[in-house]
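A quick write-up on the structure given underneath.
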Amino acid sequence: MTARMPIYLDYSATTPVDKRVAAKMIPFLTEDFGNAASRSHPYGWTAEKAVENARDEVAKLVHADPREIVWTSGATESNNLAIKGAAHFYQDKGKHIITMQTEHKAVIDAFRELERQGFEATYLAPEADGLLSLDKFRAAIRPDTVLASVMLVNNEIGVIQDIETIGNICRENGVIFHVDAAQATGKVHIDLEKLPVDLMSFSAHKTYGPKGVGALYVRRKPRVRLEAQMHGGGHERGLRSGTLATHQIVGMGEAFRIAREEMDLENARIRRLRDRLLAGLQEIDETYVNGDLKNRVPHNLNISFNYVEGESLIMAVKDIAVSSGSACTSASLEPSYVLRAIGRSDELAHSSIRFSIGRFTTEEDVDYTIELMKSKIGKLRELSPLWEMHLDGVDISKVEWAAH
Amino acid sequence: MAYSDKVLDHYENPRNVGALDKNDPQVGTGMVGAPACGDVMKLQIKVNDDGIIEDAKFKTYGCGSAIASSSLVTEWIKGKTLDQVMEIKNSDIAQELALPPVKIHCSVLAEDAIRAAVADLKSKQTVASEVA
Ligand SMILES: Cc1ncc(COP(=O)(O)O)c(C=O)c1O
Numbered sequence: 001m002t003a004r005m006p007i008y009l010d011y012s013a014t015t016p017v018d019k020r021v022a023a024k025m026i027p028f029l030t031e032d033f034g035n036a037a038s039r040s041h042p043y044g045w046t047a048e049k050a051v052e053n054a055r056d057e058v059a060k061l062v063h064a065d066p067r068e069i070v071w072t073s074g075a076t077e078s079n080n081l082a083i084k085g086a087a088h089f090y091q092d093k094g095k096h097i098i099t100m101q102t103e104h105k106a107v108i109d110a111f112r113e114l115e116r117q118g119f120e121a122t123y124l125a126p127e128a129d130g131l132l133s134l135d136k137f138r139a140a141i142r143p144d145t146v147l148a149s150v151m152l153v154n155n156e157i158g159v160i161q162d163i164e165t166i167g168n169i170c171r172e173n174g175v176i177f178h179v180d181a182a183q184a185t186g187k188v189h190i191d192l193e194k195l196p197v198d199l200m201s202f203s204a205h206k207t208y209g210p211k212g213v214g215a216l217y218v219r220r221k222p223r224v225r226l227e228a229q230m231h232g233g234g235h236e237r238g239l240r241s242g243t244l245a246t247h248q249i250v251g252m253g254e255a256f257r258i259a260r261e262e263m264d265l266e267n268a269r270i271r272r273l274r275d276r277l278l279a280g281l282q283e284i285d286e287t288y289v290n291g292d293l294k295n296r297v298p299h300n301l302n303i304s305f306n307y308v309e310g311e312s313l314i315m316a317v318k319d320i321a322v323s324s325g326s327a328c329t330s331a332s333l334e335p336s337y338v339l340r341a342i343g344r345s346d347e348l349a350h351s352s353i354r355f356s357i358g359r360f361t362t363e364e365d366v367d368y369t370i371e372l373m374k375s376k377i378g379k380l381r382e383l384s385p386l387w388e389m390h391l392d393g394v395d396i397s398k399v400e401w402a403a404h
Numbered sequence: 001m002a003y004s005d006k007v008l009d010h011y012e013n014p015r016n017v018g019a020l021d022k023n024d025p026q027v028g029t030g031m032v033g034a035p036a037c038g039d040v041m042k043l044q045i046k047v048n049d050d051g052i053i054e055d056a057k058f059k060t061y062g063c064g065s066a067i068a069s070s071s072l073v074t075e076w077i078k079g080k081t082l083d084q085v086m087e088i089k090n091s092d093i094a095q096e097l098a099l100p101p102v103k104i105h106c107s108v109l110a111e112d113a114i115r116a117a118v119a120d121l122k123s124k125q126t127v128a129s130e131v132a
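Taken in order, these protein sequences are the chains called L and A.
Quick note on numbering: our numbering labels position 41 of the first sequence as 41, and the sequence is numbered without any gaps.
Quick note on numbering: our numbering labels position 19 of the second sequence as 19, and the sequence is numbered without any gaps.
So this is what it looks like as C-alpha cells:
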C-alpha cells in the first residue's frame, strides 16, 4: 500500500473516524432513525437505548455516572455551557472568574463574553514549561471567585496540568472547577470519582469519533447547577435542548469504548513513535521543544527550528500535514498566543511546528518526517543570513536592525 | 496562500545563493529587514574594474515571496552597472513574480537591498580613493 500524501501528523486538529465507529453509526442514519424522545413506538425506543448505551460508554471512560453526562455538539459548546452556565447560575455569589492564557479559544472567548456581561476575569500566564503555577493560582483566588477553568491537555503543546491539585484548591475555596478535556480522552486516564472536578468538556472528533458531537460532565455529588444556554424541548434534563443526534452520539460512545479498551497499548506505541521522532529531530541543531516534555501526552511534539522563517517553513513541509505556530491569516502571520504565553520570541513561535501522532501513524511516517525536516531545514538555513551570522558567532538579539 | 509559479520556481531553485567576501573592496553588501518583522535579506554585489556587476549573491530569511524577490534580483543585476541597477523598481519585481498585495513589502525589501549594497560599495570606493 502506498502511503497517502501528505502524511497526516495533525491528530490534535482532528482524527479520522475509526472504521469500527463508522460501521456502528451507519444503521442509525438509515434504519434505526427514530427520535430518542419518541416514547410511543419502537423507533424511538431503539434510538433511546442506543443513546443511553453511548452515554454509559462515555461515562465509563472517565469513571462518571451516566446521569452526569450531557450531550452537546462538541467541546466548544460544552465549554460555553459549562462556563457561561455556571457563571450565570452562581453570579449572586460573586463575579470573578479565573482561567489561563493558554486555554483554547472556546474557553478564552467564553470568558471574554462574560467580561462584557460584567464579570471580572483573570487570565493566568503559564510558567515557561507551559504548566500553571499552583501558588499563582492560589493567589489569584478572591472571596468573589466563582469559577475556574483549566484545561487537562493543551492542544498546542500537549502539556498536562495538575488538575487534581488545582481542583483541591478550588474545593477549599468554594470555587466551581471546569476542565476542558477535549485533548485528553484516550490519552490520559481520567477518574472523575477521585478528581475534584465539577464540570468537564469532551469532544468525539479528537478521539476517532465523528465531528459535531461532544459531551459535558456535570457533577451530581456535590451537585453543580448550570443555567441552560439552549432553550427548547427540555432534552438532557433541560440543560441542552435539541433532538439528539443519535448516529453522532452512537459514534462517540463507540469511539470512547475503543479508547477505554485500547488506550494503554496505543499510548505505549505512540510514545515509542514520539521518542523516535524527537530523537531524529534533535539531531538538527538549534531546535527547541515547546512545553514540558515530562508532563505531556506522547501524541504531541511541538518544536521550534531557530533561524528559519515560519511561512517558508510551512511551504517546505508540504508533504506532511502539520500545524504551525503561525496562524496564517490572509494578511499577516500571527505568532501562536500559546507559544507567546510560555515566553517564546515571535521568531521562535513562527518557526514552530506541532507534530501530532495518532492511531494510524507508522514508523515509516516518522522516519520520512525526520528525513524531510532534516533536508528542508538544512536548505532553508543555507539560505538564511541569520543562520550564517549565528555560525559566525554573532548574537542576533544584539544586532541593531534598521527598521523598515 | 497561493504562490505564483515563478515564486515557487525561485523558492524551489533559488539562484545565486551564497556569500562574497565582504572585506573585498570590490564587494558591496546590503542587509535589510529585521528578524522580528519576519524577513531579512542580505544582498552582495561584486563589480569589475569597468564598473559592471559581475557577481551577485544573496541569503534571505523570510517567506517564499521574499526568497523569490531576492533570488530574482540577483539574476537581474548581474551584468549591469550600478546606475542601471538603481533604476530597478519594486513594482518591476512584484509584477514579474505576480506578488499579491500582502507580499508587496517583499519586493520593496529587495529594492532596498539593491540600494543598500550599492551604497556600501560606493562608500568603500570613496574611502579607497581618499586613501589613494
Ligand atoms: C482543547 C480544545 N478545546 C476545545 C476544542 C473544540 O472542540 P470541538 O471541535 O469539539 O468544538 C478543541 C478542538 O479544536 C480543543 O483542542
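Beta carbons are placed, not taken as given, at the ideal position from N, Cα and C, and that holds for glycine.
Keep in mind it's a predicted model, so treat the numbers as computed, not measured.
{"Query": "In chain order, what residues of the same chain have a beta carbon less than 7 Å from the beta carbon of Gly118 (chain L), not counting five sequence neighbours either side?", "Result": "Lys95"}
{"Query": "Give the DSSP-derived three-state secondary structure of Asp180 (chain L) in the structure shown.", "Result": "strand"}
{"Query": "Roughly how many whole angstroms lie between the Cα atoms of Thr369 (chain L) and Asp83 (chain A)?", "Result": "47 Å"}
{"Query": "Helix, strand or coil, according to DSSP, for Thr76 (chain L) in the structure here?", "Result": "helix"}
{"Query": "Please classify Phe28 (chain L): is it buried, with 16 or more other beta-carbons within 10 angstroms of its beta-carbon, or exposed?", "Result": "buried"}
{"Query": "According to DSSP, Trp401 (chain L) sits in a beta bridge with which residue or residues?", "Result": "DSSP, once it has assigned bridges, lists no residue as partnering Trp401 (chain L)."}
{"Query": "Just verifying my parser: in three-state terms, what is the DSSP assignment at Gly214 (chain L)?", "Result": "strand"}
{"Query": "Examine chain A for any beta-carbon lying closer than 7 Å to the beta-carbon of Leu383 (chain L), and answer yes or no.", "Result": "yes"}
{"Query": "Which value, in whole angstroms, describes the spacing of the CA atoms of Ala331 (chain L) and Leu277 (chain L)?", "Result": "Its pLDDT being 49, under 50, Ala331 (chain L) is placed unreliably by the model, and the measurement read from it follows with that caveat. Their Cα atoms are separated by approximately 33 Å."}
{"Query": "Tell me whether the beta-carbon of Glu57 (chain L) lies closer than 7 Å to the beta-carbon of Gly253 (chain L).", "Result": "yes"}
{"Query": "Under 7 Å between beta-carbons, which chain A residues line up against Ala37 (chain L)? List them in chain order, please.", "Result": "Correct list: empty, because the minimum Cβ distance to chain A is about 47 Å."}
{"Query": "For a cutoff of 7 Å on Cβ pairs, would you count Ala113 (chain A) as touching chain L?", "Result": "no"}
{"Query": "Which chain L residues are close to Val40 (chain A), counting only those with a beta carbon under 7 Å from its beta carbon?", "Result": "Pro385 and Leu386"}
{"Query": "Please list, in chain order, the chain L residues whose beta carbon lies closer than 7 Å to that of Cys106 (chain A).", "Result": "In chain order: nothing, as chain L lies at least about 11 Å away."}
{"Query": "For a cutoff of 7 Å on Cβ pairs, would you count Ser323 (chain L) as touching chain A?", "Result": "no"}
{"Query": "Looking at chain L, which residues of the region 21-45 of chain A have a Cβ within less than 9 Å of any of its Cβ atoms?", "Result": "Met31, Val32, Gly33, Ala34, Pro35, Ala36, Cys37, Gly38, Asp39, Val40, Met41 and Lys42"}
{"Query": "Return the chain-ordered list of same chain residues with a C-beta closer than 8 Å to the C-beta of Arg340 (chain L), the five sequence neighbours on each side being excluded.", "Result": "Asp346 and Ala349"}
{"Query": "Does the beta-carbon of Ala117 (chain A) have 16 or more other beta-carbons within 10 angstroms, so that it is buried, or is it exposed?", "Result": "buried"}
{"Query": "Which same chain residues end up closer than 6 Å to Cys170 (chain L) when comparing Cβ atoms and leaving out the 5 residues on each side of it in sequence?", "Result": "Ala148 and Phe177"}
{"Query": "Kindly examine ligand 1 and report whether one of its heavy atoms sits closer than 6 Å to the Cβ of Gln183 (chain L).", "Result": "yes"}
{"Query": "Taking C-alpha atoms, which residue in L:Glu382, L:Ser203 and L:Ile314 lies nearest to Ala75 (chain L)?", "Result": "L:Ser203"}
{"Query": "Who are the neighbours of His350 (chain L) on chain A, taking C-beta pairs under 8 Å?", "Result": "Gly38"}
{"Query": "Check the Cβ of Val134 (chain A) against every Cβ in chain L and list those closer than 7 Å, keeping chain order.", "Result": "Here chain A comprises residues numbered 1 to 132, so residue 134 (chain A) is not present and cannot be evaluated."}
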